[in-house]
Structure formats: C-alpha cells, structure tokens
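Student: Numbering (our numbering), first residue to last: 520 to 879.
Glycine is no exception: its CB is placed at the ideal position from the N, C-alpha and C atoms.
Quick one: the structure is below, and I'll ask about it shortly.
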C-alpha cells in the first residue's frame, strides 16, 4: 500500500526521533484532530519503552541497509507532498542536510524548539565535520519558515545566533508541558514533618550538572532527607558515574531512578516530591518544572537561563539555584503558583494553539 495517497485534504507531515514526548503527542493528535491529515515519519526504536505501533499514518524508519534508503526516500517524498512539515526538534543530521539541499521546503517547515537542539550552538567544535554540520544548521535555521515554542527567550536566541527569520508561533507543544486540573487537585506541600523528598535533575545527561547540586546538598546529608535522581533517560556512562557519586556522598538517602517510568506513574511520583532542583545551564526540564509548580511544589532553577524570565514573568515564584536551601516556599506562594499554572498550561489551550498552527 502506498504511504501517501491522492488527497483532497491538507497533509501535515511530522518528522521526529522516537522520544518519550512523541507517543502521547500522537495520541493527542488522534483525539483532537483529523487523523487522516497527519502522517508521522519516525526515526528510532518504536518498541523500546514506547508504545508506538506503525500503521498507514505512522512510519518508523528502518535505518539499516536497503531499509535506510527506503526510509529516507519516504522522508523526501513526504516532505515534498506535505502542506506543512512539523520538525520535532532539529537533531537529525540527515534531515538537516536534506532541507539544506531542498531549501524550497523551508517556508512550510515548523521547527518545534526543544532547547537542546538550539543550544548546540554552544557545543560547536573546530573539526571539519562539526563546522560542516553547523554550516548546514545555520543555513536551515536562518531560512526556516516558522518557529514554535512558548519560551520567548529561545526565539531571541535563534534570531541572535542563527539570524532566524521565521514567524513565531507560541505553543506549549506537548502534553508534558500542561497540567491536568484533576491531577493537581488537592496537591501542595504534603510533608508533615516526615522525610524531605528532593528531586535532582530530569535525566542522566551531563547538562543536569548533578555534582554541583550534590555539593550544595552535602551540608544537609545528616538531615531526614531522600534524594531522588532520574537516571533511566540520557547518558548511560554518566548515569553510572552519578549513581556511584550519590551513593558515596549520601548513602541510603540517595535513590537513583534507573528504571523507565510510564508517564502517569512519573506524575504520581512527582506528587510526593517536596523540593525539586534543576541546575541546567540552558532551557531544559520545562515539563517537569511546570508539573511541579502546578502541584504546588518548591522548585529551584538557575536565574541565568531563558525559562527563569519566562516563569517569573508570569508571576510564578521560583527559587534561585544559587541560593539553594531546603526551606519550602510559603503555602500562599505555592497555592498561587498552582493557580497560575492551571490557568496557563491546560490541554484546551494546547488544542487551541495547535489548531491555529494547523489552520494558519
């Protein structure tokens, strides 16, 4: 059966790596929009921790041997036939190269800025291969037609670093960036003198700067605390390093989370957290941050990253990582945070934002 058929309707072509955000996003699209208008070209393992079943609308690329040629041929055909191309981050070198070679596709491309893809600018290397990849990226980002995010600071950086000229579409992008009012109902500071539960980081990626957080927590190592660190997602070598360091410094009070946790189970876990610390030096962990603030939790982030201005500009009270301590914010501040999040990060808003993008 042909992947693309003759049609009289709009075709929206999604290009993405298989990631934890993508299966819930596909379900969201199927629930709220006409499935026949959306085709997904996915790269990666659809069955490793993710419940993606390929069908006529979902194609999972086989990147081995002849399967790779077929996969990228489908990608090229799909992008040319599409009315709109939704790029779920800009990580894949082949996709960037194809867009470099086919610049006529760029006006109909919508780049969903994840943060880490944008901040690759700061990881540029001097080698020939690295310079060539960055040359392709600059060409593509400079000419891409549409920029999608809800962090205005990232738009400013894309324009500053790459001369991006695309139209800005404000959108929460994924379900991980919204809160369910029923989920956060009755939440808040639930600790009544028991063990203080601290969440550090959102993955095993070195960008979490775990060791710097641990150093700030060392003065409290003899207090009644439990330190939870998600390590199932990201860099495996760094995960082992951080797990060893945490056990050495904090003993049984350090709890590495090494097993993949389904999304709903992870949200239930967040309900029991008292304080969360995110020490990223770039925009990252926004889904976690929003969920925790919506749950009425105390959150510390760096004040020199783009989401600091975004969150505080909305009136949210967030702690500065530079002043990290183990005192929870007042109930009034936590309650106000939860109210602001409920009002600004809902599924109805997400549907409205995507409707505007698909229909513009």
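1) Have a look at 548, 587, 543 and flag the residue whose alpha-carbon is nearest the alpha-carbon of residue 563.
2) Buried or exposed: residue 521, going by 16 or more other Cβ atoms within 10 Å of its Cβ?
3) Pull up the distance between the alpha-carbon of residue 776 and that of residue 782, whole angstroms please.
4) By the DSSP assignment, the beta strand (DSSP E) with residue 545 in it spans what residues?
5) Report all residues from its chain with a CB closer than 8 Å to the CB of residue 529; omit the five preceding and five following residues, and keep chain order.
6) Could you tell me which of 812, 792, 691, 665 sits nearest to residue 745, measuring between CA atoms?
7) Straight-line CA distance for residue 523 to residue 869?
8) Counting Cβ pairs, one atom from each stretch, are 3 or more of them under 8 Å apart for the stretch 721-739 and the stretch 762-780?
9) Which residue's Cα is closest to the Cα of residue 854: 815, 571, 865, 836?
10) In whole angstroms, what is the alpha-carbon distance linking residue 757 and residue 750?
11) Check the C-beta distance from residue 532 over to residue 597 and give it rounded, since I have them as a contact under 8 Å.
12) Which parts of the stretch 588-675 are runs of the alpha helix (DSSP H), unbroken and 4 residues or longer, counting only runs that do not cross its ends?
13) Under a Cβ-count criterion, where at least 16 other Cβ atoms within 10 Å of its own Cβ denotes burial, should residue 558 be classed as buried or exposed?
14) Give me, in chain order, the residues of the same chain whose beta-carbon lies closer than 7 Å to that of residue 681; leave out the 5 immediate sequence neighbours on both sides.
15) Which partner residues of residue 749 appear in the DSSP bridge assignment?
16) Is it buried or exposed for residue 628, if we count other Cβ within 10 angstroms and need 16 for buried?
17) In the DSSP assignment, find the alpha helix (DSSP H) that holds residue 812 and state where it starts and stops.
18) Is it the case that the Cβ atoms of residue 683 and residue 607 are separated by a distance below 7 Å?
19) Looking at residue 779 and residue 670, is the spacing between their C-beta atoms short of 7 Å?
20) Considering only C-alpha positions, which residue in the set 689, 542, 742, 679 is nearest to residue 714?
21) Could you give the first and the last residue of the continuous beta strand (DSSP E) run that contains residue 687?
22) Mind checking which residues open and close the alpha helix (DSSP H) that includes residue 858?
23) Express the C-alpha separation of residue 664 and residue 539 in angstroms, rounding to a whole number.
24) Please determine, among 858, 630, 738, the residue with the shortest C-alpha to C-alpha distance to residue 686.
25) Counting C-beta neighbours from all protein chains within 10 Å, is the total for residue 574 16 or more, i.e. buried, or is it exposed?
Tutor: Result, derived from the coordinates:
1) Here residue 563 refers to the residue found at position 44 of the chain shown. For residue 563, the nearest C-alpha among the options comes from 587.
2) Indexing the chain shown from 1 puts residue 521 at position 2. Only weak support is given to the placement of residue 521: the predicted model assigns it a pLDDT of 45, under 50, and the value that follows is read from those uncertain coordinates. Classification for residue 521: exposed.
3) Stepping through the chain shown from its first residue, residue 776 is reached at position 257. Stepping through the chain shown from its first residue, residue 782 is reached at position 263. Answer to the nearest angstrom: the Cα atoms are 14 Å apart.
4) As a first step, residue 545 is located in the chain shown; it is residue number 26 there, counting from the start. Unbroken run through residue 545 is the alpha helix (DSSP H), 541-551; no beta strand (DSSP E).
5) In the chain shown, counting from the first residue as 1, residue 529 sits at position 10. Result list for residue 529: 556, 602, 603, 877, in chain order.
6) Numbered from 1 along the chain shown, position 226 holds the residue referred to as residue 745. Among 812, 792, 691, 665, the Cα nearest to that of residue 745 is on 792.
7) For this step, residue 523 is matched to residue 4 along the chain shown. For this step, residue 869 is matched to residue 350 along the chain shown. Only weak support is given to the placement of residue 523: the predicted model assigns it a pLDDT of 48, under 50, and the value that follows is read from those uncertain coordinates. Their Cα atoms are separated by approximately 28 Å.
8) Enough Cβ pairs lie closer than 8 Å, so yes.
9) Reading the chain shown from its first residue, position 335 is the one you call residue 854. Comparing Cα positions, the closest option is 815.
10) Position 238 of the chain shown holds residue 757. Position 231 of the chain shown holds residue 750. C-alpha separation (whole angstroms): 9 Å.
11) As a first step, residue 532 is located in the chain shown; it is residue number 13 there, counting from the start. As a first step, residue 597 is located in the chain shown; it is residue number 78 there, counting from the start. Indeed, because the Cβ distance is near 5 Å, the residues count as touching under 8 Å.
12) 612-620, 647-662
13) Reading the chain shown from its first residue, position 39 is the one you call residue 558. The C-beta of residue 558 has 16 or more other C-beta atoms within 10 Å across all chains shown, which makes the residue buried.
14) Indexing the chain shown from 1 puts residue 681 at position 162. So the qualifying residues of the chain are 657, 660, 661.
15) Taking the chain shown and counting its residues from 1, the one referred to as residue 749 is at position 230. DSSP, once it has assigned bridges, lists 776 as partnering residue 749.
16) Stepping through the chain shown from its first residue, residue 628 is reached at position 109. When all chains shown are included, residue 628 counts as buried.
17) On the chain shown, residue 812 is found 293 positions in, with the first residue counted as 1. Counting along the chain, the alpha helix (DSSP H) containing residue 812 begins and ends at 805-813.
18) Start at 1 with the first residue of the chain shown, and residue 683 comes out as number 164. Start at 1 with the first residue of the chain shown, and residue 607 comes out as number 88. No.
19) Walking along the chain shown from the start, residue 670 turns up at place 151. Walking along the chain shown from the start, residue 779 turns up at place 260. 7 Å or more divides the Cβ of residue 670 from the Cβ of residue 779.
20) Taking the chain shown and counting its residues from 1, the one referred to as residue 714 is at position 195. Of the candidates 689, 542, 742, 679, 742 places its Cα closest to the Cα of residue 714.
21) Position 168 of the chain shown, counting from 1, holds the residue named residue 687. 686-689 is the extent of the beta strand (DSSP E) around residue 687.
22) Residue 858 sits at position 339 when you count from the first residue of the chain shown. For residue 858, the enclosing alpha helix (DSSP H) covers residues 850-863.
23) Mapped onto the chain shown, residue 539 falls at position 20. Mapped onto the chain shown, residue 664 falls at position 145. Cα to Cα, the separation comes out at about 26 Å.
24) Here the question's residue 686 lines up with position 167 in the chain shown. Checking every option, the nearest Cα to that of residue 686 belongs to 630.
25) Position 55 of the chain shown, counted from the start, is the residue given in the question as residue 574. Per the 10 Å Cβ criterion, exposed.
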